[in-house]
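Undergrad: Note that numbering that gives the first Met the number 0 has the sequence shown beginning at 0, numbered continuously upward.
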Amino acid sequence: MNVNILGIDPGYALIGYGVISYDLGKFKTINFGAITTTPDLSFSKRLEVIYRDMNQLINEFKPDALSIEKLYFNTNTTTAIDVAQARGVIVLAAQMNSVPIYEYTPLQVKTAVTGFGRAEKHQVMEMTRSLLGLNKVPKPDDTADALAIAICHANTGIGGYAKIIREVKK
0 MNVNILGIDP
10 GYALIGYGVI
20 SYDLGKFKTI
30 NFGAITTTPD
40 LSFSKRLEVI
50 YRDMNQLINE
60 FKPDALSIEK
70 LYFNTNTTTA
80 IDVAQARGVI
90 VLAAQMNSVP
100 IYEYTPLQVK
110 TAVTGFGRAE
120 KHQVMEMTRS
130 LLGLNKVPKP
140 DDTADALAIA
150 ICHANTGIGG
160 YAKIIREVKK
């Protein structure tokens, strides 16, 4: 069963995205990059840019699922609120386009990609590169993170425990 997954690393200045195809344990990279907004724009205009660009990505790649990192912040609440607003716009774009949304914690992403929940960032990035057969780790880091989040969904959300949990809740 071939599934196209749009992975998102949320932010408001830089939003990493990665689109992969997953079929019977095999990954194929379709596209990756970043949505960027500049500080000279008002925050509401930045949210508009994110929403518009997310809609464009969804319409272009027609993903079967959107996987996005759950937010966690322990220091800067101002940044957390801004990222949460941007994340809301991203989720809204997926919802308005009827794309199922799956959320994963950083621990889940690390475990699904490397097999070790306490893996360091460079280990996750290198394993992402390897699993996708890329010559080098994608830049910026947010893009590599988005691809890892997409791999996480492929490894857990499609045939793994997330599906089992959904079935139990029915």
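Glycine residues also receive a C-beta, built at the ideal position from the N, C-alpha and C atoms.
Please read all numbers here as calculations on a predicted model, not as lab measurements.
Any chance the CB of Ile148 is under 7 Å from a heavy atom of the ligand NAP?
TA: The model depicted lacks the ligand NAP and carries no ligand whatsoever.
Undergrad: Can you have a look at Tyr16 and say buried or exposed, based on whether 16 or more other CB atoms are within 10 angstroms of its CB?
TA: Buried.
Undergrad: Just how far apart, CA to CA, sit Ile4 and Ala33?
TA: If you take the alpha carbons of Ile4 and Ala33, they lie about 16 Å apart.
Undergrad: Closer than 8 Å is the cut-off here; do at least three beta carbon pairs connect the segment 61 to 72 with the segment 142 to 157?
TA: Result yes; three or more Cβ-Cβ pairs closer than 8 Å.
Undergrad: Please list the segments of the beta strand (DSSP E) lying wholly inside the segment 33 to 91, counting only runs of 3 or more residues, in order along the chain.
TA: Runs of the beta strand (DSSP E) inside the segment 33 to 91: 64 to 68.
Undergrad: Alpha carbon to alpha carbon, what distance is there between Phe26 and Gly132?
TA: When rounded, the distance between both Cα atoms is 8 Å.
Undergrad: Sort Ile7, Glu59 and Tyr71 by Cα distance to Val90 and report the nearest one.
TA: The residue with the shortest Cα to Cα distance from Val90 is Ile7.
Undergrad: Taking the beta carbon of Asp39 as the centre, do at least 16 other beta carbons fall within 10 Å, making it buried, or is it exposed?
TA: With fewer than 16 other Cβ atoms within 10 Å, it is exposed.
Undergrad: Which residues share a DSSP beta bridge with Ser20?
TA: BP columns for Ser20 point to Asn3 and Lys27.
Undergrad: Kindly provide the ranges of any alpha helix (DSSP H) runs that are 4 or more residues long and lie completely inside the segment 103 to 151, ordered along the chain.
TA: 105 to 113, 120 to 131 and 140 to 151, all fully within the segment 103 to 151.
Undergrad: Less than 8 Å separating the beta-carbons of Met124 and Ala143?
TA: A contact, by the Cβ cut-off of 8 Å.
Undergrad: Please classify Ile80 as buried or exposed, where buried requires at least 16 neighbouring CB atoms within 10 angstroms.
TA: So Ile80 counts as exposed.
Undergrad: Using the three-state DSSP reduction, which class does Gly10 fall into: helix, strand or coil?
TA: Of the three classes helix, strand and coil, the one that applies to Gly10 here is coil, per DSSP.
Undergrad: When you compare the CB positions of Pro197 and Arg86, do they come within less than 8 Å of one another, or not?
TA: The requested residue 197 is not part of the displayed model; the chain covers only 0 to 169.
Undergrad: Measuring CB to CB, does Phe60 end up less than 8 Å from Val18?
TA: It is a contact, given that the beta carbons lie within the stated cut-off.
Undergrad: Can you tell me the Cα-Cα spacing of Thr110 and Tyr103, whole angstroms?
TA: Using only the alpha carbons, I get a separation of about 11 Å.
Undergrad: Taking only three categories from DSSP, how would you classify Ile157?
TA: Here Ile157 sits in helix by DSSP.
Undergrad: By alpha-carbon positions, which one of Ile57, Ser43, Asp22 and Leu23 ends up nearest to Phe31?
TA: Nearest C-alpha to Phe31: Ile57.
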